[in-house]
Amino acid sequence: MDSVFRHHSPTEDCVFYSLYFPRSSEDSDDRFFEFLQETSALILSELDQFLNGYIWQKEPFGLRIVKNDLGPNYPFLHGRTVFGDCIEDERFIVFLLRHISGKYPDVVISVSDNDGEFLLIEAAMQLPSWLDPSNGENRVFIHRNELHIIPLMKPTDGELQISTEKLTVERAIQLVRDDNIHTKADDEIQTAVFANIRGYVNMRVYISQVVVTYFPNSEKFLQ
1225 MDSVFRHHSP TEDCVFYSLY FPRSSEDSDD RFFEFLQETS ALILSELDQF LNGYIWQKEP
1285 FGLRIVKNDL GPNYPFLHGR TVFGDCIEDE RFIVFLLRHI SGKYPDVVIS VSDNDGEFLL
1345 IEAAMQLPSW LDPSNGENRV FIHRNELHII PLMKPTDGEL QISTEKLTVE RAIQLVRDDN
1405 IHTKADDEIQ TAVFANIRGY VNMRVYISQV VVTYFPNSEK FLQ
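First residue of the sequence shown: 1225, per the working numbering; consecutive thereafter.
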């Protein structure tokens, strides 16, 4: 298990993603580790319909089990992909993560790059006025196929009180999973954030068409 993240130099454009699955109080360390191993394999198998045939510019999508001081006090799945100047690779990874969140309703997913919460850039004109780079850390997640933004509030004595304190990852995950706290982003934000990844829904069909149309013809040049 990796205990720390490996960092790239600032000159390398990377996208970082973490998948947080709930851990039962009854789960031992070994049992939860095995669960993450099995789940990681199942996720990659599920994504193979999109990954098979996709050409990455620098590094592929991948997952490993980690635990560090920046995350919750239990292991989780994490990945890091260098995409260079290929912004399409970064967007494709967002599509994959959103697909995972739809298949695993309990998972809470974070994604960022060298610039931070890059998803918010797509919806800059629709974001609430209070949200800015100084307070957005650990407040933006993908959960159940939707974007969630944790407001600058916390429940106190049954009421929502304004709070500007920095959230820990573990606390943020709890808030996203709490159905009594509204964290789902407004529809116009959802539309703006995910607008650039809609085309990947047909990735499997597109790759199949390319293989069927062009691969047989290439045999003529090998004779």
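Glycine residues also receive a C-beta, built at the ideal position from the N, C-alpha and C atoms.
As the structure is a computational prediction, the values presented were derived from the model and not from experiment.
In the DSSP assignment, find the unbroken alpha helix (DSSP H) run with L1260 in it and report its ends.
-> 1253 to 1275 is the extent of the alpha helix (DSSP H) around L1260.
What did DSSP end up calling F1240 once you bin it into helix, strand or coil?
-> Of the three classes helix, strand and coil, the one that applies to F1240 here is strand, per DSSP.
Would you be able to state if there are at least three C-beta pairs under 8 angstroms between the stretch 1410 to 1424 and the stretch 1316 to 1336?
-> These segments touch.
Return the chain-ordered ranges of every beta strand (DSSP E) run that is complete within the stretch 1340 to 1365 and spans a minimum of 3 residues.
-> Runs of the beta strand (DSSP E) inside the stretch 1340 to 1365: none found.
Are L1343 and L1301 closer than 9 angstroms when you measure CB to CB?
-> One thing to note: L1343 has its Cβ no nearer than 9 angstroms to the Cβ of L1301.
Please classify L1355: is it buried, with 16 or more other beta-carbons within 10 angstroms of its beta-carbon, or exposed?
-> L1355 comes out buried.
Through-space distance from V1239 to P1246, alpha-carbon basis = So the alpha carbons of these two residues sit roughly 23 angstroms apart.
From this set, L1268, E1346, L1399, I1405, which residue's C-alpha is nearest V1332's C-alpha?
-> Ranking the options by Cα distance to V1332, first place goes to L1399.
Kindly indicate the opening and closing residues of the alpha helix (DSSP H) around L1301.
-> Taken as a continuous stretch (DSSP letters only), L1301 belongs to no alpha helix (DSSP H), being part of the beta strand (DSSP E) at 1300 to 1306.
Sheet register partners of D1337 (DSSP bridge) | In the DSSP assignment, D1337 forms a beta bridge with V1239, G1340.
Identify whether V1331 lies in helix, strand or coil by the three-state DSSP scheme.
-> When secondary structure is reduced to three states using DSSP, V1331 falls in the coil class, being assigned neither helix nor strand.
For H1323, write down the residues that DSSP places opposite it in a beta bridge.
-> None; H1323 has no bridge partner.
Does the separation of the CB atoms of I1311 and L1271 fall below 9 angstroms?
-> Not closer than 9 angstroms, so no.
Is I1421 helix, strand or coil when you go by DSSP?
-> Helix, per DSSP.
Contacts around F1267, its chain only, beta-carbon distance under 7 angstroms, and the 5 residues preceding and following it disregarded = Strictly speaking, residue 1267 in this sequence is Ile, with Phe absent from that position. Here I1267 has L1287, I1324 as same chain residues with Cβ atoms under 7 angstroms from its own Cβ, once five neighbours each way along the sequence are excluded.
Do you know offhand how far D1309's Cα is from T1407's?
-> Taken atom to atom, the span from the alpha-carbon of D1309 to that of T1407 is near 32 angstroms.
According to DSSP, what are the bridge partners of E1370?
-> Residue pairing by DSSP puts E1370 in a beta bridge opposite H1367.
Could you work out which residue in D1330, V1335, K1327 is closest to F1285 when comparing CA atoms only?
-> Of all alpha-carbon atoms in D1330, V1335, K1327, the one lying nearest the alpha-carbon of F1285 is that of V1335.
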